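Since the structure comes first, as structure tokens, the remarks are kept for the end.
Chains as they are written, first to last, in my numbering: chain B, 358 to 542; chain Y, 254 to 379.
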């Protein structure tokens with residue numbers, strides 16, 4: 358029955374992509390398509406043609422694309438009833454606040470880090486990371502007064518580290534915002 | 254190798270089918286009870302309706318969900334079970350409505366084709 362292997366493989370793959378449907382619905386789709394393929398093969402035989410499983414499967418298209426057509430009504434969802442428009446508006450507002458809040462938070466942190474990194478070059482004595490309270494605390498300062506009882510950490514290494522981190526957080530924020538924009542709106 | 258002319262025909266058929274396929278399926282099932290392969294064979298006997306299996310079956314599924322067709326599995330004698338489709342009352346009503354619009358569209362398009370410029374067309378209400 359080796360000529361039926363592609364059919365088995367096709368239906369198995371289709372079944373996987375139909376998993377969003379209820380089991381009985383998905384089984385019915387598979388059963389109907391299997392019945393069609395076997396009927397079409399018999400028809401080819403009756404017409405004296407060579408059995409061509411691939412041509413029949415080609416007509417159905419890729420299992421994933423075929424399955425999508427069966428499940429797309431589930432993905433579209435039902436529109437809310439007319440009286441529920443207010444909820445939609447609130448939801449939309451929340452999404453926008455999340456989007457802008459996330460942007461503000463991410464870009465502010467990266468701007469601060471860039472400022473610290475670049476500032477260290479111009480005001481090496483006032484800007485830095487200090488280990489305070491005998492190493493129990495770490496503090497970043499922008500101060501004329503050096504933190505009491507503290508030792509400076511990193512020194513000029515602060516610049517590349519802070520600039521690198523700032524750049525990394527900018528990139529991360531932009532990626533997160535891109536995803537938010539696509540999915541939540 | 255497809256000629257440019259055939260290619261254009263094919264593209265036109267695909268465009269037109271996008272809007273008219275539902276009507277075509279409903280019309281094919283008018284007073285007939287057919288299973289998928291029979292619908293496909295029927296449509297393939299017309300020059301402009303050669304749709305694929307991958308188009309037909311999901312569409313039949315949607316028409317069934319919309320209540321325009323009903324489907325029953327039948328198992329006769331030695332044959333394998335087949336899913337037969339027929340129009341519901343709602344499907345018949347929709348077919349009537351859409352048929353009228355289709356005929357009106359054909360009439361309108363035909364009228365425009367038959368009445369090229371530069372002679373102006375008497376518009377309704379003028």
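C-beta atoms are modelled at their ideal positions from N, C-alpha and C, and glycine is treated no differently.
All values derive from a computational prediction rather than experimental measurement.
Residue i touches chain Y at which residues, Cβ-Cβ below 7 Å?
i, result
"residue 427/B", "311, 314"
"residue 416/B", "305, 306, 307"
Taking the beta strand (DSSP E) that residue i belongs to, which residues open and close that run?
i, result
"residue 507/B", "From DSSP, residue 507/B is part of no beta strand (DSSP E); its letter is neither H nor E."
"residue 340/Y", "335-340"
How about residue i: is its C-beta nearer than 8 Å to some C-beta of chain Y?
i, result
"residue 365/B", "no"
"residue 397/B", "yes"
"residue 358/B", "Per-residue confidence for residue 358/B stands at a pLDDT of 49, beneath the threshold of 50, marking its modelled position as unreliable; no derived number is given."
"residue 368/B", "no"
What are the boundary residues of the alpha helix (DSSP H) that residue i is part of?
i, result
"residue 413/B", "410-417"
"residue 307/Y", "306-318"
"residue 421/B", "420-433"
"residue 404/B", "Where residue 404/B is concerned, there is no enclosing alpha helix (DSSP H), given that its DSSP letter is neither H nor E."
"residue 265/Y", "257-281"
DSSP three-state call for residue i: helix, strand or coil?
i, result
"residue 327/Y", "strand"
"residue 403/Y", "Nothing can be reported for residue 403/Y: it is not among the residues displayed for chain Y, which extend from 254 to 379."
"residue 374/B", "helix"
"residue 483/B", "coil"
"residue 287/Y", "strand"
"residue 467/B", "helix"
"residue 498/B", "strand"
"residue 298/Y", "coil"
"residue 542/B", "Low local confidence applies: a pLDDT of 47 at residue 542/B is under 50, so the model's placement there is unreliable, with the coordinate-based value given in what follows. Note: residue 542/B maps to coil in three-state DSSP."
Can you give me the Cβ contacts of residue i inside the same chain, cut-off strictly under 8 Å, excluding the 5 residues immediately before and after it?
i, result
"residue 526/B", "463, 466, 467, 470"
"residue 533/B", "459, 463"
"residue 282/Y", "292, 322, 338, 339, 340, 344"
"residue 494/B", "488"
If the cut is a Cβ gap below 8 Å, which residues of chain B does residue i touch?
i, result
"residue 334/Y", "388, 392"
Residue i touches chain Y at which residues, Cβ-Cβ below 9 Å?
i, result
"residue 423/B", "306, 307, 310, 311"
Say whether chain B places a C-beta atom closer than 8 Å to the C-beta of residue i.
i, result
"residue 285/Y", "no"
"residue 289/Y", "yes"
"residue 263/Y", "no"
Kindly list, in the order they appear in chain B, the residues whose Cβ is closer than 9 Å to that of residue i.
i, result
"residue 318/Y", "430"
Can you tell me whether residue i sits near the ligand MG, meaning its C-beta is under 7 Å from at least one heavy atom of the ligand?
i, result
"residue 486/B", "Here there are no bound small molecules, and the ligand MG is not part of this structure."
Using a Cβ-Cβ cut-off of 6 Å (strictly less than) and excluding sequence neighbours within five positions of residue i, which residues of its own chain qualify?
i, result
"residue 387/B", "368, 372"
"residue 431/B", "377"
"residue 472/B", "none"
Using a Cβ-Cβ cutoff of less than 7 Å, which residues in the same chain neighbour residue i once the five nearest sequence positions on both sides are dropped?
i, result
"residue 331/Y", "none"
"residue 370/B", "420"
"residue 394/B", "364, 413"
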